[in-house]
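Asker: Position one of the sequence shown corresponds to residue 28 (the working numbering), numbered consecutively onward. Glycine is no exception: its CB is placed at the ideal position from the N, C-alpha and C atoms. In this text the structure is predicted, and so the values were computed from the model without any measurement. Next up is a structure, given as structure tokens.
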Amino acid sequence: SSERSLDEMLGEIIGLTVQVTDCDACLVYLIEKETGDIVLRASQVPHAADLGNLRMAMGEGITGWVVEHKAVVALASNAMSDNRFKRFPALVEDTHEAFLSVPLIAAGEMVGVINVHHREPHAHTPEEVGLVTFIGEQMGGAVTRGVLVTENARLLEETQEMKRQLETRKLVERAKGILQYKYKITEEEAYLRLRNESRRLRRPMRDLAEAIILSEDLSRKTEASLTGRDTDDE
Numbered sequence: 028s029s030e031r032s033l034d035e036m037l038g039e040i041i042g043l044t045v046q047v048t049d050c051d052a053c054l055v056y057l058i059e060k061e062t063g064d065i066v067l068r069a070s071q072v073p074h075a076a077d078l079g080n081l082r083m084a085m086g087e088g089i090t091g092w093v094v095e096h097k098a099v100v101a102l103a104s105n106a107m108s109d110n111r112f113k114r115f116p117a118l119v120e121d122t123h124e125a126f127l128s129v130p131l132i133a134a135g136e137m138v139g140v141i142n143v144h145h146r147e148p149h150a151h152t153p154e155e156v157g158l159v160t161f162i163g164e165q166m167g168g169a170v171t172r173g174v175l176v177t178e179n180a181r182l183l184e185e186t187q188e189m190k191r192q193l194e195t196r197k198l199v200e201r202a203k204g205i206l207q208y209k210y211k212i213t214e215e216e217a218y219l220r221l222r223n224e225s226r227r228l229r230r231p232m233r234d235l236a237e238a239i240i241l242s243e244d245l246s247r248k249t250e251a252s253l254t255g256r257d258t259d260d261e
């Protein structure tokens with residue numbers, strides 16, 4: 028399961044939860060490692076604009092309370108009247124009557140929360156709460172591994188981008204040196220010439236730098252070849 032994407036894991040949590048509770052809506056929040064915020068990461072009802080953006084602090088709302096206390100909250104009706112409840116206008120689910128909030132746990136640590144909503148009043152049976160709790164305990168580890176896979180992929184992408192930028196910088200520096208020597212200009216003038224030509228041609232500066240370097244290399248090889256031929260003729 029570590030090879031499956033985080034989105035697939037979260038989708039499976041929602042699917043399993045809907046199956047055992049017959050709920051009208053299910054949302055999964057994950058605790059963001061860097062900030063400690065509790066962030067909406069998946070939902071049964073589409074919330075594309077809110078995924079990754081809707082967040083709350085530890086202890087904020089019922090979801091934050093569940094994270095803080097590592098405990099289940101089950102409200103059979105009129106969930107909004109609970110003094111811990113925090114409503115988000117973007118979430119139609121927050122107008123529903125019944126609300127079940129269950130910890131998502133990995134190796135005994137809180138990693139997120141599963142929220143279950145019913146439009147009409149709904150008494151959560153011990154069996155139902157137990158099944159969602161089981162899902163939270165069993166899937167928490169998989170989610171953690173999915174987060175690590177996602178983070179590793181992001182770090183790899185950032186590292187590759189950094190390498191590309193470094194390589195571009197090296198190429199531009201070399202091209203500037205060639206222009207400085209060829210036209211007897213300063214480093215700043217060489218850079219401005221590259222930049223202006225890049226804008227005029229609407230091509231990346233890296234492409235121009237590579238072309239300058241290639242042209243210089245070919246020129247040197249041609250010159251070396253001609254010099255060798257002249258030596259042979261003598």
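Please classify V99: does DSSP put it in a helix, a strand, or coil?
Answerer: For the purposes of this step, residue 99 is identified with residue 72 of the sequence shown, where counting begins at 1. DSSP places V99 in coil when its eight states are reduced to three.
Asker: Just confirm the distance between the C-beta atoms of I162 and L43, as a whole number of angstroms; I'd bet it's less than 8 Å.
Answerer: The residue you call residue 162 lines up with position 135 of the sequence shown. The residue you call residue 43 lines up with position 16 of the sequence shown. The Cβ separation is near 5 Å, so the contact holds.
Asker: Pull up the distance between the alpha-carbon of A69 and that of L228, whole angstroms please.
Answerer: Position 42 of the sequence shown, counted from the first residue, corresponds to residue 69. Position 201 of the sequence shown, counted from the first residue, corresponds to residue 228. Computed Cα separation, rounded: 44 Å.
Asker: Determine the direct distance from the alpha carbon of T152 to that of Y56, and round the result to whole angstroms.
Answerer: Here residue 56 corresponds to residue number 29 of the sequence shown, with the count starting at 1. Here residue 152 corresponds to residue number 125 of the sequence shown, with the count starting at 1. Approximately 23 Å, taken between the alpha carbons.
Asker: Which term fits S29, buried or exposed, when burial requires 16 or more other beta carbons within 10 angstroms of its beta carbon?
Answerer: Counting from one through the sequence shown, the residue named residue 29 turns up at place 2. Here the model assigns S29 a pLDDT of 39, short of 50, so the residue's position is not dependable and the matter cannot be decided.
Asker: Looking only at DSSP bridge pairs, what is R146 linked to?
Answerer: Position 119 of the sequence shown, counted from the start, is the residue given in the question as residue 146. Answer is none; R146 lacks a bridge partner.
Asker: Applying the criterion that 16 or more other CB atoms from any shown protein chain within 10 Å of the CB defines a buried residue, is A76 buried or exposed?
Answerer: In the sequence shown, counting from the first residue as 1, residue 76 sits at position 49. Exposed, since its Cβ has fewer than 16 Cβ neighbours within 10 Å.
Asker: Evaluate N80 with the Cβ neighbour count: other Cβ atoms within 10 Å of its Cβ, from every protein chain shown; 16 or more gives buried, anything less gives exposed.
Answerer: Walking along the sequence shown from the start, residue 80 turns up at place 53. By the neighbour-count rule (16 or more Cβ atoms within 10 Å), N80 is not buried but exposed.
Asker: Ignore the nearest five residues each way along the sequence and tell me which others in A101's own chain have a CB closer than 7 Å to its CB.
Answerer: Translated into positions along the sequence shown, residue 101 becomes position 74. Contacts found: L127, H151, V156.
Asker: Span of the beta strand (DSSP E) holding L228?
Answerer: As a first step, residue 228 is located in the sequence shown; it is residue number 201 there, counting from the start. No beta strand (DSSP E) holds L228; the alpha helix (DSSP H) holding it covers 214 to 228.
Asker: Mind checking N142: buried by the 16 CB within 10 Å criterion, or exposed?
Answerer: On the sequence shown, residue 142 is found 115 positions in, with the first residue counted as 1. By the neighbour-count rule (16 or more Cβ atoms within 10 Å), N142 is buried.
Asker: What separation, rounded to the nearest whole angstrom, lies between the Cα atoms of N110 and G88?
Answerer: Within the sequence shown, numbered from 1, the residue matching residue 110 stands at position 83. Within the sequence shown, numbered from 1, the residue matching residue 88 stands at position 61. Straight-line Cα distance between these residues: approximately 9 Å.
Asker: So L206 packs on I239, CB below 8 Å; how close in whole Å?
Answerer: Taking the sequence shown and counting its residues from 1, one reaches residue 206 at position 179. Taking the sequence shown and counting its residues from 1, one reaches residue 239 at position 212. That belief holds up - the Cβ atoms of L206 and I239 are roughly 7 Å apart, short of 8 Å.
Asker: So is P148 buried or exposed if we call it buried at 16+ other beta carbons inside 10 Å?
Answerer: Reading the sequence shown from its first residue, position 121 is the one you call residue 148. Counting Cβ neighbours within 10 Å, P148 comes out exposed, since fewer than 16 surround it.
Asker: Helix, strand or coil for R247 per DSSP?
Answerer: Position 220 of the sequence shown, counting from 1, holds the residue named residue 247. Note: R247 maps to helix in three-state DSSP.
Asker: Label V93 either buried or exposed according to how many other C-beta atoms from any shown protein chain fall within 10 Å of its C-beta, with 16 as the threshold for buried.
Answerer: Position 66 of the sequence shown, counted from the first residue, corresponds to residue 93. Answer is buried; the Cβ neighbour count reaches 16.
Asker: Check for me: the beta strand (DSSP E) holding V55 runs from which residue to which?
Answerer: By one-based count along the sequence shown, residue 55 stands at place 28. V55 -> beta strand (DSSP E) spans 52 to 58.
Asker: Compare the C-alpha of V138 against each of A217, A251, N105, K60 and name the closest.
Answerer: Here residue 138 refers to the residue found at position 111 when the sequence shown is read from its first residue. Nearest option by C-alpha distance: K60.
Asker: Need the endpoints of the beta strand (DSSP E) that V119 sits in, please.
Answerer: Within the sequence shown, numbered from 1, the residue matching residue 119 stands at position 92. Premise fails: V119 is in no beta strand (DSSP E) and is neither H nor E.
Asker: Classify T32 as helix, strand or coil using the three-state DSSP reduction.
Answerer: As a first step, residue 32 is located in the sequence shown; it is residue number 5 there, counting from the start. Just to set this straight, residue 32 is Ser in the shown sequence, not Thr. Of the three classes helix, strand and coil, the one that applies to S32 here is coil, per DSSP.
Asker: Which residues mark the beginning and the end of the beta strand (DSSP E) in which L67 is found?
Answerer: What you label residue 67 is simply residue 40 of the sequence shown in a count that begins at 1. Segment 65 to 70, the beta strand (DSSP E) holding L67.
Asker: Shortest alpha-carbon distance to E200 belongs to which of G167, H144, L221, F115?
Answerer: Along the sequence shown, one-based indexing puts residue 200 at 173. That would be L221, whose Cα lies nearest to the Cα of E200.
Asker: How many angstroms separate the CA atom of L264 from the CA atom of L54?
Answerer: The chain is shown only over 28 to 261; residue 264 falls outside these bounds and no answer can be derived.
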